[in-house]
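Throughout the sequence shown, residue numbering follows our numbering, covering 1260 to 1347 in sequence.
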Amino acid sequence: MSAISDGDLQSAASWPANGDRSFSLGNFALVNASTIDAPRNLEIPAFYLDMVGAIEEMRDLIELHSRHGSNLMFCCSTENEEVGLIWQ
């Protein structure tokens, strides 16, 4: 941020960045999670419903840390779609 504030675009451009999108949303504990193999023999749709359940379990904490409060839209991947489930 100081390089940007100073107008030093060359230094700002050198900031380590991932050329691909990161699918590890949230706290980025799993950098490049998109390259991790998913477990085999998944019970579909239970695997994706478990992800939704995990988000719902943390809903209050997510809302607390959001600038938008409870006015949020949640999403989750499914077997064939990057954003297959969307809910409020």
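Every residue, glycine too, gets a C-beta built ideally from N, C-alpha and C. Everything numeric in this text was worked out from a predicted model, so none of it was measured.
Asked	Found
Rounded C-alpha distance that separates M1332 from F1306	21 angstroms
Residues that L1344 bridges to, as DSSP identifies them	C1335
Close beta carbons around E1322, own chain, < 8 angstroms, minus the five adjacent residues each side	G1328, S1329, L1331
Distance between R1326 and D1309 (C-alpha atoms, nearest Å)	26 angstroms
Pair within 9 angstroms by beta-carbon distance, I1314 and E1338	no
D1265 in three-state terms, based on DSSP	coil
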